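Engineer: Okay, here's the structure, questions in a sec.
Numbering (mature numbering (1 follows the signal peptide of the UniProt record, and there is no 0)), first residue to last: -22 to -1, 1 to 217.
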């Protein structure tokens, strides 16, 4: 007969074993995230608040999901604050699996192509904008334009690697890698996104990091350009 103490000890030991085995995976995820995260000196909360409080110059509006009103607005209050054609919006975060890894977990369909190549959604942090908006505002927004994504109290960089051409065209979407990095505890996948509209997307429309290839990008170049552009922006905003 197993005593209550023995049962409790065995249970605790089993849980500890699971934590120890999972810790390398957690450390690996944290390590990957740090490669395209903004420098810790850049304040995510202040920047998110600045985005949220700057809503004067609306360029376009899109729905964030099927059946929702077109009430996610893209703003251009900061368009000329630097020389980087800055646009921004606040939305949810669906998961894009197009490209090389188009059959990612939870994704019943997809496209082998991304808008400007065949990016690997599991290895490249990229965000998505509506195809109509891209067509209308090119070249203010270039292919693979730098983006700073404020999510879950942190800032990560990505490129504008794909466009949404659905009917209706929707907004608020990021690659499998970027979405799962933003919300590592939520088990996001091709069929499960982050539904809260609390993610800020800042687009540096004419800034494209070096090293963008058909399937991959130079993460170091992405982070270097991202920190440079965000520091310039926060100085201009006084935050």
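Note that beta-carbon positions come from the ideal geometry of N, C-alpha and C, so glycine has one too. Bear in mind the structure is a predicted one, so any value in this text is a computation, not a measurement.
Just mark residue 190 as buried or exposed, buried being the case when its beta carbon has 16 or more other beta carbons within 10 Å.
Structural biologist: Position 212 of the chain shown, counted from the first residue, corresponds to residue 190. Label assigned to residue 190: buried.
Engineer: Starting from residue 158, trace the alpha helix (DSSP H) both ways and give me its first and last residue.
Structural biologist: Counted from its first residue, the chain shown places residue 158 at position 180. Run containing residue 158: 154 to 160, per the alpha helix (DSSP H) assignment.
Engineer: Just checking, does the stretch 63 to 81 make contact with the stretch 95 to 114 on the three C-beta pairs under 8 Å criterion?
Structural biologist: Yes, they touch.
Engineer: List, from N- to C-terminal side, the beta strand (DSSP E) runs of 3 residues or more that fit wholly inside the stretch 62 to 132.
Structural biologist: Fully enclosed beta strand (DSSP E) runs of 3 or longer: 64 to 74, 104 to 108, 124 to 129.
Engineer: Measure the alpha-carbon distance for residue 58 versus residue 13 and round it to whole angstroms.
Structural biologist: Indexing the chain shown from 1 puts residue 58 at position 80. Indexing the chain shown from 1 puts residue 13 at position 35. For residue 58 and residue 13, the distance between alpha carbons rounds to 29 Å.
Engineer: Going by DSSP, name the residue or residues bridged to residue 138.
Structural biologist: As a working mapping, residue 138 is identified with position 160 in the chain shown. DSSP output for residue 138 lists 105 as bridge partner(s).
Engineer: Look at the alpha carbon of residue 193 and the alpha carbon of residue 81, and state the distance between them as a whole number of angstroms.
Structural biologist: Indexing the chain shown from 1 puts residue 193 at position 215. Indexing the chain shown from 1 puts residue 81 at position 103. Using only the alpha carbons, I get a separation of about 15 Å.
Engineer: Which residue marks the beginning of the alpha helix (DSSP H) containing residue 59, and which one marks its end?
Structural biologist: The residue given as residue 59 occupies position 81 in the chain shown. Taken as a continuous stretch (DSSP letters only), residue 59 belongs to no alpha helix (DSSP H), as it is neither H nor E.
Engineer: Might you give, ordered along the chain, the residues of its own chain that have their beta carbon closer than 7 Å to the beta carbon of residue -20, omitting 5 neighbours on each side?
Structural biologist: Your numbering for residue -20 matches position 3 in the chain shown. Unreliable placement is indicated for residue -20, whose pLDDT of 47 sits below 50; no coordinate value is reported for it.
Engineer: Give the single residue among 215, 98, 39 whose Cα lies nearest to the Cα of residue 156.
Structural biologist: Within the chain shown, residue 156 is the residue found at index 178, counting from 1. The candidate whose alpha carbon is nearest that of residue 156 is 98.
Engineer: Would you kindly check if the distance between the Cβ of residue 115 and the Cβ of residue 37 is under 9 Å?
Structural biologist: Walking along the chain shown from the start, residue 37 turns up at place 59. Walking along the chain shown from the start, residue 115 turns up at place 137. Yes, the Cβ-Cβ distance between residue 37 and residue 115 is below 9 Å.
Engineer: With a Cβ-Cβ cutoff of 9 Å, do residue 129 and residue 176 count as a contact?
Structural biologist: Taking the first residue of the chain shown as 1, we reach residue 129 at position 151. Taking the first residue of the chain shown as 1, we reach residue 176 at position 198. Cβ distance < 9 Å, so residue 129 and residue 176 count as in contact.
Engineer: Name, in chain order, the residues that DSSP records as bridge partners for residue 40.
Structural biologist: To locate residue 40, count along the chain shown from 1; it is residue 62. Per DSSP, 50.
Engineer: Considering only C-alpha positions, which residue in the set 113, 69, 65 is nearest to residue 174?
Structural biologist: Locating residue 174 in the chain shown gives position 196, counting from the first residue. Looking at the Cα atoms, 69 is the closest of the given residues.
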